[in-house]
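Beneath this line is the structure, given in structure tokens, with notes to follow.
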Amino acid sequence: MAGRTEVLISGFGGQGVVRIGQSLSLAAVYQGLYTTMLISHGTETRGGYVRSQVVIAGEPVDSPVVESPDYFCALSSAAYSRFKHLVRGGLILYDPGYLEPDPALPVRHIALPARDLAGKKLGREIFANVIILGALTRLMAGVLELEVVRKAVLECIRVFGEENVKALNLGYSLL
Amino acid sequence: MAAKPIEGEQRAFMTGNEVVAWAALAAGADIMYGYPITPQNEIMHYWTRMAPRYDRGFLQTEDEISAGFTTVGGVLAGKRAFTATAGPGNVLMQEAMSMAEMMRLPTVVVVTQRGGPSTATVIYSQQELNLTCFGGNGEGLRIVYSTSSHQDLFNYTIKAFNTAWKYRFPTFVLGDGYQSKMREPVTIYDPATRGIVMEECRPMVGLPGIAGIDREPAHLRNTYNLEDELYDRLTASIKDYQAMIPEVVEWEACAVDDDEILVIAHGVVSRAARAAVDSLREAGIKAGYFRPITLRPFPEEALQPLAARAQRILVVESAHGQLERQVRASLYGLETPVSGYLRPGMGITPEEIIGAVQQTLRS
Chain A
1 MAGRTEVLIS GFGGQGVVRI GQSLSLAAVY QGLYTTMLIS HGTETRGGYV
51 RSQVVIAGEP VDSPVVESPD YFCALSSAAY SRFKHLVRGG LILYDPGYLE
101 PDPALPVRHI ALPARDLAGK KLGREIFANV IILGALTRLM AGVLELEVVR
151 KAVLECIRVF GEENVKALNL GYSLL
Chain B
1 MAAKPIEGEQ RAFMTGNEVV AWAALAAGAD IMYGYPITPQ NEIMHYWTRM
51 APRYDRGFLQ TEDEISAGFT TVGGVLAGKR AFTATAGPGN VLMQEAMSMA
101 EMMRLPTVVV VTQRGGPSTA TVIYSQQELN LTCFGGNGEG LRIVYSTSSH
151 QDLFNYTIKA FNTAWKYRFP TFVLGDGYQS KMREPVTIYD PATRGIVMEE
201 CRPMVGLPGI AGIDREPAHL RNTYNLEDEL YDRLTASIKD YQAMIPEVVE
251 WEACAVDDDE ILVIAHGVVS RAARAAVDSL REAGIKAGYF RPITLRPFPE
301 EALQPLAARA QRILVVESAH GQLERQVRAS LYGLETPVSG YLRPGMGITP
351 EEIIGAVQQT LRS
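Here you go:
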């Protein structure tokens with residue numbers, strides 16, 4: 001691939017924001033691409049802002065800072081308000097369980113009730129982040145392949161492998 | 001209600017450490033937190049002797065890290081709190097003072113510089129300039145007053161409380177071991193008799209009502225989740241600091257109208273520099289004198305035109321170029337040659353400065 005794909009994932013601590021970023025970046029490594037991943041978070045283990053910035057490119061990445069994300073995953077109302085204006089040509093994937101989108105924002109929004117689905121279909125809300133990752137993988141077709149992301153998820157999240165594969169496939173199939 | 005520690009004005013003959021304790025009492029300081037270290041000890045000793053008579057508090061902590069943080073705590077509780085330290089103690093206090101910088105807490109620290117690095121000497125130096133101005137993992141958003149006499153120690157200790165509480169930046173009185181231990185005459189006074197109004201101290205925590213409902217939340221944070229959050233906070237603090245500079249920056253100068261050589265010194269060394277300049281003038285040598293009183297913020301706008309007019313600049317200090325670096329940074333781009341008479345940890349006499357000036361003019 002050529003060019004640069006930017007992904008911004010943000011929510012609060014405990015949602016698995018960092019795992020989404022790690023899995024995406026690791027998948028990019030497996031595919032022989034160049035990638036960087038930055039994490040910003042506070043000192044808390046739960047709550048606060050957490051942000052993961054992923055850049056994937058066909059050539060060495062110059063700045064690891066996401067300027068205008070192609071994909072912004074908003075997993076909290078605070079994160080959405082804070083970063084929505086960065087999105088210009090990209091789209092926003094959000095969980096309606098956490099936030100109401102801004103109707104005045106002229107950007108494509110995709111609602112994915114990941115937390116709700118995780119609870120209902122997989123028995124636990126903790127799989128919501130991998131559902132989001134599945135949906136992202138579908139959206140990023142042409143950049144990342146589902147099979148490679150699956151391998152990366154199993155590497156990044158060493159527990160609940162079976163459930164996470166289900167969650168990934170579920171997210172992928174929804175879009 | 002205890003009586004005022006000082007009624008009106010009184011002439012006294014005492015050590016610098018005693019002067020600081022009296023000044024803190026006169027300023028209405030509520031509590032001192034401290035840990036012993038020479039040459040600061042007697043500030044604590046005099047304070048502990050006098051404080052109970054005027055309903056003031058004292059806490060001796062287990063080390064200077066704790067003394068710094070308890071001072072932070074005292075200030076958060078709305079107390080006019082201070083501490084005093086030197087050398088390695090000043091090093092340990094930097095973490096707490098960084099926190100004060102981040103949270104905009106009006107801490108007051110009196111530093112009595114001793115020799116460095118490390119334990120070095122318990123006597124004297126001007127080697128804590130860098131540390132006091134820029135210690136900690138931040139941007140040096142502090143006010144540092146460098147005193148040169150007992151009168152300065154008294155005046156600026158009182159002023160430090162007001163500057164700190166008015167602008168909400170950690171404030172330091174930078175003295176040294178010579179000033180601490182030396183005795184000289186001083187006029188001590190009740191600030192009110194000179195029209196000095198002490199800034200009101202208000203608690204920042206434990207406020208009545210529910211944050212976000214009855215009142216704005218205090219947002220006293222020293223930790224942030226995102227780079228942008230920190231950046232926004234610091235940008236606001238830096239803007240406040242820059243706006244404050246013209247109101248707090250202080251210096252003094254003399255014989256600078258026609259000087260060929262400008263002698264720059266701070267603290268107790270500035271007394272020798274002033275004497276040297278007077279003697280040089282009597283001998284027909286056109287020397288001038290400049291003394292930064294605030295080392296942070298540094299009086300660069302005042303210094304620049306004086307430095308531009310002079311043909312040479314000589315920085316004199318009991319450190320190896322800590323003041324000289326400040327001077328050079330302030331004068332970047334100016335072609336006036338700068339040299340230093342640098343004597344780390346050593347006292348400096350007017351005769352030495354006269355010699356250094358003559359040598360500089362010959363070279």
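Protein chains in written order, with UniProt numbering: chain A, 1 to 175; chain B, 1 to 363. In this text, a Cβ means the ideal position worked out from N, Cα and C, and glycines have one as well. Every value quoted in this text rests on a predicted model; they were computed, and no experiment measured them.
Residues sharing a beta bridge with residue i, DSSP
i: glutamate 6 (chain A); result: A:Val55
i: threonine 35 (chain A); result: A:Ile56
i: phenylalanine 13 (chain B); result: B:Pro185
i: aspartate 232 (chain B); result: Aspartate 232 (chain B) is not bridged to any residue.
i: threonine 223 (chain B); result: Beta-bridge pairing links threonine 223 (chain B) to no other residue.
i: aspartate 190 (chain B); result: Paired residues: none, contrary to the question.
i: serine 77 (chain A); result: For serine 77 (chain A), which the question treats as bridged, DSSP gives no partner whatsoever.
i: glycine 8 (chain B); result: None, per the DSSP bridge assignment.
i: histidine 41 (chain A); result: A:Val50
i: arginine 114 (chain B); result: Answer is none; arginine 114 (chain B) lacks a bridge partner.
i: alanine 215 (chain B); result: Checking the sequence shown, residue 215 (chain B) turns out to be arginine, not alanine. DSSP output for arginine 215 (chain B) lists B:Ala211 as bridge partner(s).
i: residue 198 (chain A); result: What is shown of chain A runs 1 to 175, which leaves residue 198 (chain A) out entirely.
i: phenylalanine 72 (chain A); result: A:Leu8, A:Ile92
i: methionine 13 (chain A); result: The amino acid occupying residue 13 (chain A) in the given sequence is glycine; methionine does not appear at that position. Answer is A:Gly47.
Where the alpha helix (DSSP H) through residue i begins and ends
i: phenylalanine 161 (chain B); result: 150-167
i: tyrosine 145 (chain B); result: Careful: tyrosine 145 (chain B) lies outside any alpha helix (DSSP H), inside the beta strand (DSSP E) at 143-146.
i: asparagine 137 (chain B); result: Premise fails: asparagine 137 (chain B) is in no alpha helix (DSSP H) and is neither H nor E.
i: glutamine 359 (chain B); result: 350-362
i: glutamine 126 (chain B); result: Premise fails: glutamine 126 (chain B) is in no alpha helix (DSSP H) and is neither H nor E.
i: valine 61 (chain A); result: Segment: none, valine 61 (chain A) is in no alpha helix (DSSP H) and carries neither H nor E.
i: glutamine 322 (chain B); result: 322-330
i: glutamate 163 (chain A); result: 161-174
i: glutamine 22 (chain A); result: 17-30
9 Å Cβ cutoff met for residue i and residue j
i: isoleucine 188 (chain B); j: alanine 23 (chain B); result: yes
i: glycine 177 (chain B); j: proline 39 (chain B); result: yes
i: arginine 221 (chain B); j: methionine 102 (chain B); result: yes
i: alanine 255 (chain B); j: tyrosine 289 (chain B); result: yes
i: asparagine 17 (chain B); j: threonine 112 (chain B); result: yes
i: valine 75 (chain B); j: leucine 105 (chain B); result: yes
i: glutamine 179 (chain B); j: histidine 150 (chain B); result: yes
i: threonine 132 (chain B); j: alanine 27 (chain B); result: no
i: aspartate 95 (chain A); j: alanine 128 (chain A); result: yes
i: valine 20 (chain B); j: valine 122 (chain B); result: no
i: valine 357 (chain B); j: valine 263 (chain B); result: yes
i: threonine 137 (chain A); j: glycine 161 (chain A); result: no
i: alanine 111 (chain A); j: glycine 11 (chain A); result: no
i: leucine 144 (chain A); j: tyrosine 71 (chain A); result: no
i: proline 297 (chain B); j: tyrosine 332 (chain B); result: no
i: glutamate 64 (chain B); j: leucine 92 (chain B); result: yes
i: threonine 223 (chain B); j: glycine 42 (chain A); result: yes
Limits of the unbroken beta strand (DSSP E) element including residue i
i: arginine 291 (chain B); result: 287-292
i: isoleucine 31 (chain B); result: 31-34
i: tyrosine 341 (chain B); result: 338-342
i: glycine 175 (chain B); result: 171-176
Chain B residues whose Cβ lies nearer than 8 Å to that of residue i
i: serine 63 (chain A); result: Those within 8 Å of serine 63 (chain A) in chain B number zero; the least Cβ separation is about 13 Å.
Where residue i meets chain A, residues with beta-carbon distance less than 8 Å
i: threonine 223 (chain B); result: Gly42, Thr43
Under 7 Å by beta carbon: chain B residues contacting residue i
i: glycine 48 (chain A); result: Asn225
i: arginine 51 (chain A); result: Leu226
CB contact check: residue i to chain D, cutoff 9 Å
i: glutamate 9 (chain B); result: Among the protein chains of the structure shown, namely A and B, there is no chain D.
- Message: At 4 residues or longer, what runs of the alpha helix (DSSP H) sit wholly inside the stretch 251-317 of chain B?
- Response: Counting only runs of 4 or more, we get 269-282, 300-309.
- Item | Ranges of the beta strand (DSSP E) found wholly within the stretch 88-159 of chain A, counting only runs of at least 3 | Fully enclosed beta strand (DSSP E) runs of 3 or longer: 91-94, 108-111.
- Item | Complete runs of the beta strand (DSSP E) confined to the stretch 48-110 of chain B [at least 3 residues] | Listed in chain order, they are 57-60, 81-85.
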